[in-house]
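Please read the structure below before turning to the comments.
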Amino acid sequence: EAKDDPSGTPITMVQWLRFGPGRFLHMFGLARTDVWQSEFMRMRTLRDGIEPK
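Just so we're aligned, residue 265 is where the sequence shown starts under this note's numbering, counting upward by one.
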């Protein structure tokens, strides 16, 4: 958890790393803490929808 410097708004962050044979995915997301639960689910859906080629 952190705060946006200019506005002082609380934010929450997540970082995912996925590794596979010869490839990796590095994803970083952040959202305001007051909407974190819904945004976190959207980020997970996005992350899980990415298929390595």
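Ideal Cβ placement from N, Cα and C applies to all residues, glycine included.
Owing to the predicted nature of the structure, the values given are computational and were not obtained by experimental measurement.
- According to the DSSP assignment, T309 belongs to the alpha helix (DSSP H) that extends over 300 to 312.
- A295 and M305 have their C-alpha atoms some 11 Å from each other.
- Secondary structure of T297 (DSSP, three-state): helix.
- Boundaries of the beta strand (DSSP E) harbouring T276: 274 to 284, taken from the DSSP string.
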